[in-house]
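Structure first, then comments.
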Amino acid sequence: MMYSSRQISEIKLKIINKISREVDRANLDGTVGGILEKYNIVYEEFGTIPVDTRTMKILVFGVLSGKKSDYQLAVKKMGINPDHVHFIDNYHELQKYPVAKLKNSVEYSDILFGPVPHSQNSMGNTSSFLATIKQSPKEYPRLIEMVANNKLKITKTNFEHAIIRTRYYENVDELN
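Each residue of the sequence shown is one higher than the one before, counting from 8 in the numbering used here.
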């Protein structure tokens, strides 16, 4: 059923009011985290770099379980230009990628993380890429680990779920 623009405006207002009351009650109960989870919203405190979907990209870092073209098609269907998703999935590139390049990055809004070699070059005193980012999360793009069967793995399904949790996708959604 199609609604008129006036009806849609009224429906949106009712939804906003209902969710606002729900958040207010959750705040009193100390359960806002559950609300954020329910609506798949990640709240980040100050210090993160604003996302510009015209210039920023999503970095997919890890070995893919399928063809890269399938993942590119998936993001296209989700309304994201495939050119705005950068894949580093080659074993040698993964091993040599300098994590310092991502610190305070204005190139990437998010890092979708999958299986990688155990240690990369250019790590300094830190033993892994993941640990480096987790030590100072505000200095790096949002990190989203892709897991299947309790192991890091990039499947098409968990890739699509991860895309929805990105800062990039949140901002594409707001522009449409």
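For every residue, glycine included, the Cβ atom is placed at its ideal position computed from N, Cα and C.
| said: Three Cβ pairs or more, each shorter than 8 Å: is that satisfied between the segment 114-126 and the segment 18-37? | reply: By the C-beta criterion, the segment 114-126 is judged not to be in contact with the segment 18-37, since fewer than 3 inter-stretch pairs fall below 8 Å.
| message | DSSP three-state label for ASP96, please. | response | Taken through DSSP and simplified to helix, strand or coil, ASP96 comes out as coil.
| said: Measuring CB atoms only, is the segment 135-147 touching the segment 165-181, in the sense that at least three cross pairs come out at less than 8 Å? | reply: No, the segment 135-147 does not touch the segment 165-181.
| message | Judging by CA-CA distance, which residue of SER16, PHE166, PHE68 is the nearest neighbour of ASP96? | response | With distances taken between CA atoms, ASP96 lies nearest to PHE68 out of SER16, PHE166, PHE68.
| query | In three-state DSSP terms, what is ILE118? | reply | ILE118: strand per DSSP, three-state reduction.
| request: To the nearest angstrom, report how far apart ILE18 and ASP77 are at their CA atoms. | output: The straight-line gap from Cα to Cα measures roughly 36 Å.
| field | Residues near VAL39 by beta carbon distance below 7 Å, same chain, minus five either side | value | Same-chain partners within the cutoff: VAL30, ALA33.
| field | Cβ-based neighbour list, MET130, same chain, cut-off 7 Å, excluding 5 preceding and 5 following | value | Note that MET130 has pLDDT 47, beneath the 50 cutoff, so the model's placement of it is unreliable and no number is given.
| task | Starting from the Cα of ARG61, find the closest Cα among SER11, MET9, GLU114, LYS83 and give me that residue. | result | Ranked by Cα distance from ARG61, the first of SER11, MET9, GLU114, LYS83 is GLU114.
| request: State the CB to CB distance for the pair PHE94 and LYS75, rounded to an integer number of angstroms; the pair is presumed to be in contact (CB under 8 Å). | output: Indeed, because the Cβ distance is near 6 Å, the residues count as touching under 8 Å.
| For LYS110 and ASP36, the rounded distance between their alpha carbons | Whole-angstrom Cα-Cα distance: 36 Å.
| Secondary structure of MET130, DSSP reduced to three states | In this prediction, MET130 scores a pLDDT of 47, lower than 50, which makes its location untrustworthy; the coordinate-derived value is nonetheless stated afterwards. Note: MET130 maps to coil in three-state DSSP.
| query | What residues in its chain sit with their C-beta under 7 Å from that of ILE171, if we drop five residues either side in the sequence? | reply | Its chain contains ASN47 as the residues whose beta carbon lies nearer than 7 Å to that of ILE171, once the 5 sequence neighbours on both sides are disregarded; these appear in chain order.
| Beta carbon of ILE118 nearer than 8 Å to that of LEU66 | In contact: ILE118 and LEU66 (Cβ atoms closer than 8 Å).
| message | Would GLU167 and LEU159 be called neighbours here (beta carbons separated by less than 8 Å)? | response | In this structure, LEU159 does not lie closer than 8 Å to GLU167 by Cβ.
| Name the DSSP bridge partner or partners of VAL154? | The secondary-structure analysis by DSSP pairs VAL154 across a beta bridge with LEU159.
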